[in-house]
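Right, one structure below, let's go through it.
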Amino acid sequence: MDRTEMFEGLEEFDLGQYQDEVERRWGGSEAYAESMRRTRAYGKDDWTRITEEGETVVAGLAELMAEGAQAAGRAAMDLAEEHRRHIDRWFYPCSHGMHRNLAEMYTADPRFEAYFEKRGKGLAVFVQDAIRANEARWRNRERE
Numbered sequence: 000m001d002r003t004e005m006f007e008g009l010e011e012f013d014l015g016q017y018q019d020e021v022e023r024r025w026g027g028s029e030a031y032a033e034s035m036r037r038t039r040a041y042g043k044d045d046w047t048r049i050t051e052e053g054e055t056v057v058a059g060l061a062e063l064m065a066e067g068a069q070a071a072g073r074a075a076m077d078l079a080e081e082h083r084r085h086i087d088r089w090f091y092p093c094s095h096g097m098h099r100n101l102a103e104m105y106t107a108d109p110r111f112e113a114y115f116e117k118r119g120k121g122l123a124v125f126v127q128d129a130i131r132a133n134e135a136r137w138r139n140r141e142r143e
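Encoded structure:
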């Protein structure tokens, strides 16, 4: 299956639009190489499952935010951890620190921000804050 076929049916994702940028920014990284190695073997069913899992986590975070939950609360941090594990399981080893760095892009890059914001105004910041809080929780556990 070629890279374009992998994302067929995912309306929000246009591989061609971002591929050059992705390769320029991260093409030399171990994470990029690992992601390419793993995803090369994925079929349509895998991509459907990956998308559904990711959307479930984001929907859960949106629901918590709508309910007035705190981003640094246990439920939001647990979903942030599930988001990190989702990346780790399907794409590349994603440490808590790497996940925190990814979260910075969720508000710094308008494309990431738009992805979250269409699910709820303020969600990009909420997700970023939940990921930061989860990373801090992990760091504190490491010190114990």
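Each step along the sequence shown adds one to the number in numbering that gives the first Met the number 0, with nothing skipped, and position 109 is 108.
Yeah, the Cβ is synthetic: ideal placement off N, Cα and C, and Gly gets one too.
Excluding the five sequence neighbours on either side, which residues of its own chain have a C-beta within less than 7 Å of the C-beta of residue i, listed in chain order?
i: V124; result: T106
i: M76; result: A129, A132, N133 and R136
i: H85; result: E52, G53 and V56
Using the Cα positions of residue i and residue j, report the straight-line distance between them to the nearest angstrom.
i: R138; j: R83; result: 15 Å
i: A71; j: Y31; result: 30 Å
i: E112; j: S28; result: 24 Å
i: L63; j: M97; result: 24 Å
i: A58; j: K117; result: 11 Å
i: A108; j: F115; result: The identity of residue 108 in the sequence shown is Asp, whereas the question assumes Ala. Whole-angstrom Cα-Cα distance: 11 Å.
i: R37; j: R140; result: 30 Å
i: R48; j: W89; result: 10 Å
i: K120; j: Y91; result: 29 Å
Among residues of its own chain, excluding the 5 on either side of residue i, which ones have a beta-carbon nearer than 6 Å to its beta-carbon?
i: H95; result: E134 and W137
i: C151; result: This structure leaves residue 151 out entirely; the chain is present only between 0 and 143.
i: L78; result: V56, G59 and L60
Using the beta-carbon count (16 or more within 10 Å), is residue i buried or exposed?
i: E80; result: buried
i: A61; result: buried
Given residue i, which residues of its chain have a CB within under 8 Å of its CB, disregarding the five upstream and five downstream residues?
i: Q69; result: A75
i: E66; result: none
When you compare the segment 96–103 with the segment 126–139, are there three or more beta-carbon pairs, one atom per stretch, that lie closer than 8 Å?
yes
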